[in-house]
Amino acid sequence: MRHLVLSTLSVALLAACAHKVAEEPAEQSADAALESIEVTGSRVGAQDARRLRHAEAPAPAMVVGMPAPLPPPPPAYAEPNTENYAAFDDNRVVRTAEQPVSTFSIDVDTGSYSNVRRMLARGQLPPKDAVRVEEMINYFDYGYPGPASRDTPFRVTTALAPAPWDGKRVLMQVGIQGYDVERAEIPPANLVFLVDTSGSMATPDKLPLLKESFRQLVPRLRAQDRVTLVVYAGSAGLVLPPTPGDRHGEILDALGRLEAGGSTNGGEGIELAYAMAKQAYIEGGVNRIVLATDGDFNVGIFDPRALETKVEDGRKAGIALTTLGFGEGNYNEALAEKLADVGDGNHAYIDTLMEGRKVLVEEMSSTLLTIASDVKIQVEFNPAQVAEYRLVGYENRQLAREDFNNDQVDAGEIGAGHDVTALYELCLVGAGCESSDPLRYAPAAAAPAGGPELAFLKLRYKQPGTERSVLMERPVTRRELQAQAPESLRFAAAVAAYADLLRGGRNMKGFGWDQVEALARDARGDDPWGYRGEFLRLVAQARSLSAAQPADGGAQVNQE
């Protein structure tokens with residue numbers, strides 16, 4: 126009987142709470158109301174604040190030149206893992222005689238690398254689709270030479286050498302180095318930070334890490350910059366209206382007031398963020414929204430396409446979008462990356478305070494100042510010299526051949542000082558490495574009159590604010606083939622092989638963890654921040670975790 130009474134009282138209390146919530150007035154969301162905004166502060170109560178204070182740990186001390194220690198595992202989640210990654214298949218080997226042209230958009234995202242690092246630190250191999258080879262490769266700086274002036278926004282470097290996993294095949298490296306600018310040359314920036322403060326953000330690897338990461342950026346803000354802080358949970362709120370960047374105390378105070386609680390209304394938050402970005406718009410300056418979230422958009426604009434349309438409209442109005450991922454359990458990387466792509470921004474994942482500094486301090490100039498937009502690469506391979514080729518990565522960046530000349534087709538952006546790397550694996554004619562037979566009735570390939578060209582490389586880009594693209598082109602000849610790969614190509618190859626092993630090891634047969642480690646160690650080179658040394662530790666972690674996997678290899682884990 127006592128249990129029955131307690132159960133009855135519990136039901137009555139829950140019903141009373143539900144009745145009280147139902148009586149609260151609904152918030153108005155008309156677009157007209159967004160033109161005049163007042164500061165509302167954080168959106169949680171004292172109980173949530175106490176929970177956050179208990180959850181938040183002090184930031185670890187940083188040692189210059191060394192990567193941050195890996196964070197401890199967070200508390201177990203009460204709900205099942207709902208992380209979401211866009212599925213894709215590896216690029217296939219293509220016979221040049223049948224399809225000589227390869228076209229894709231560049232990608233400067235790096236989120237996959239740090240997200241995989243987070244999973245390895247937790248003692249688990251990543252799901253296959255969380256591993257994108259180009260983002261793993263582009264996490265590192267390869268020391269490409271840059272252009273002499275900003276008139277040409279980037280410089281292209283190529284290298285050819287035998288593939289370390291198959292001496293009969295050749296790796297072709299295409300490196301793009303953007304023109305770097307001094308901090309003083311960056312135009313005034315209108316930055317709107319859109320921060321997820323929903324209940325799922327309360328764990329130490331989410332909102333507390335986000336706040337500490339953002340605090341590192343504040344001293345770099347200038348008087349000519351404008352900073353706005355918008356939060357969203359059950360509803361959106363303005364914590365800091367457009368404020369001069371040199372008012373560091375006000376900005377830090379606003380960050381300190383952030384608390385986690387409530388459901389996630391990403392749609393309403395984005396509406397408010399774009400309204401504020403429009404209100405503080407700087408003509409001729411940098412106008413960008415930085416969305417920081419665990420990616421759990423479960424309230425508000427339900428239709429992902431409607432959300433993409435909002436971001437696309439913002440891009441056309443001159444407001445870019447960058448996304449930063451945090452935490453685990455409900456991380457929706459597929460949506461976060463897609464929104465960044467549509468918004469002419471980049472996507473990064475922050476798993477440590479050191480990564481927060483890398484993204485928000487060291488690379489902020491690249492994030493803020495776009496020096497080339499809609500950058501596309503097209504390579505035409507010579508069938509008389511190249512029997513087969515395979516583009517390593519960039520599966521979700523492929524473009525139709527005709528898209529290369531279509532200036533209406535959106536593509537990737539290069540920021541100041543950014544570098545981008547693409548790898549092709551080639552089988553040269555007569556090398557005996559073909560994976561398929563030639564067509565019986567294919568026409569014979571004729572060598573070009575200009576000499577032993579392996580390929581013809583073309584790039585298109587737009588100067589920021591212009592509508593017509595500029596064409597760059599150059600041949601890649603057999604004379605560039607080296608017996609020993611340069612350091613940058615060797616290390617990039619090691620990262621590509623590491624990613625391939627995590628995805629199942631289907632493209633580089635016989636090249637295992639020991640070979641990856643030896644190749645990376647030999648090509649470690651100058652490593653002032655310790656990123657390459659950390660990579661060696663990640664290889665060792667992945668090797669240990671893979672030892673318990675089936676003999677066919679691959680980081681095959683449940684995506685649920």
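In my numbering, the protein residues as written are 126 to 685. For glycine and all other residues, C-beta sits at the position ideal for the given N, C-alpha and C.
Query	Result
Terminal residues of the continuous alpha helix (DSSP H) containing Gln238?	A quick correction: the sequence has Tyr, not Gln, at residue 238. Start and end: Gly236 to Ala246.
Is Thr221 near the ligand GTP, in the sense that its beta carbon is under 7 Å from a heavy atom of that ligand?	What this structure holds is no ligand at all, so the ligand GTP is not there to describe.
Decide if Ala673 is buried, meaning its Cβ has at least 16 other Cβ atoms within 10 Å, or exposed.	exposed
Measuring CB to CB, does Ala617 end up less than 8 Å from Ala645?	no
Below 8 Å between beta carbons: does that hold for Gly452 and Lys331?	yes
Quick one: is Glu148 buried, meaning 16 or more other Cβ sit within 10 Å of its Cβ, or exposed?	Low local confidence applies: a pLDDT of 41 at Glu148 is under 50, so the model's placement there is unreliable, with the coordinate-based value given in what follows. Classification for Glu148: exposed.
Which class does Gln349 belong to by DSSP, given the choice of helix, strand or coil?	coil
Using a Cβ-Cβ cutoff of less than 8 Å, which residues in the same chain neighbour Arg649 once the five nearest sequence positions on both sides are dropped?	Phe616, Arg657, Gly658 and Leu661
So, using beta-carbon positions, are Arg599 and Leu579 closer together than 8 Å?	no
Suppose you measure from the CA of Gln404 to the CA of Asn206; what does that come to, to the nearest Å?	39 Å
Between the Cα of Tyr269 and those of Arg275, Phe279 and Ala667, spot the shortest distance and give me the residue it belongs to.	Phe279
Let me check understanding here. Comparing Cα to Cα, which of Ala536, Phe265, Tyr304 and Ala621 lies closest to Asp651?	Phe265
Are the CB atoms of Lys253 and Gly629 nearer to each other than 8 Å?	yes
Leaving out the 5 sequence neighbours to the left and right, which residues in its chain are closer than 7 Å to Thr221 when beta-carbon positions are compared?	Phe506, Pro508, Val511, Ala512, Glu513 and Tyr514
Answer yes or no: do Thr448 and Gly470 have a C-beta to C-beta separation smaller than 8 Å?	yes
Please confirm whether Thr235 and Asn263 have their CB atoms less than 8 Å apart.	yes
Three-state secondary structure (DSSP) at Pro270?	coil
How about Ala309 and Val295: are their beta carbons less than 8 Å apart?	no
Between Val601 and the rest of its own chain, which residues show a CB-CB distance below 6 Å, the 5 nearest in sequence each way excluded?	Thr283, Leu579, Ala580 and Leu582
Examine the Cβ distances between the stretch 360-369 and the stretch 411-422 and report whether three or more of them are shorter than 8 Å.	no
Mind reading off the beta-carbon distance from Val755 to Leu464? Whole number of angstroms is fine, and I expect it under 8 Å.	There is no way to answer for residue 755, as the model of the chain reaches only from 126 to 685.
Quick check on this structure: which residue in Leu478, Gln349, Lys441 and Ala431 has the alpha carbon closest to the alpha carbon of Leu460?	Ala431
Under 8 Å: do the stretch 314-334 and the stretch 373-388 share three or more Cβ pairs, one atom per stretch?	yes
Ordered along the chain, which non-local residues of its own chain (more than five positions away) have a Cβ less than 7 Å from that of Leu663?	Arg242 and Leu245
How should Thr328 be labelled, buried or exposed, when 16 other C-beta atoms within 10 angstroms of its C-beta is the threshold for buried?	buried
How far does the beta strand (DSSP E) with Ala497 in it extend, from its first residue to its last?	Thr495 to Phe506
Tell me the rounded alpha-carbon separation between Gly557 and Ala608.	18 Å
Roughly how many angstroms lie between the CA atoms of Ala692 and Glu208, to the nearest whole one?	Within the shown structure, residues of the chain are numbered from 126 to 685, placing residue 692 beyond reach of any answer.
Out of Gly409, Ser237 and Ser669, which has the shortest C-alpha to C-alpha gap to Thr495?	Gly409
With distances taken from CA atoms, which of Ala385, Arg351 and Ala400 is nearest Ile376?	Arg351
Report the residue from Ala348, Arg372, Leu346 and Ser323 whose alpha carbon sits nearest the alpha carbon of Val689.	Because the chain spans 126 through 685 in this model, residue 689 falls outside it and cannot be assessed.
On a Cα-Cα basis, can you pick out the residue from Gln666, Met633 and Pro653 that is closest to Ala288?	Met633
I think Met297 touches Tyr549, with their Cβ atoms under 8 Å apart; what is that distance to the nearest whole Å?	4 Å
Classify Lys441 as buried or exposed, calling it buried when 16 or more other Cβ atoms lie within 10 Å of its own Cβ.	exposed
Shortest alpha-carbon distance to Arg345 belongs to which of His373, Val411 and Arg631?	His373
If Asn240 and Glu520 are in contact, beta carbons under 8 Å, what's the gap, nearest whole angstrom?	Their Cβ separation, rounded to whole angstroms, is 17 Å, which puts Asn240 and Glu520 out of contact at 8 Å.
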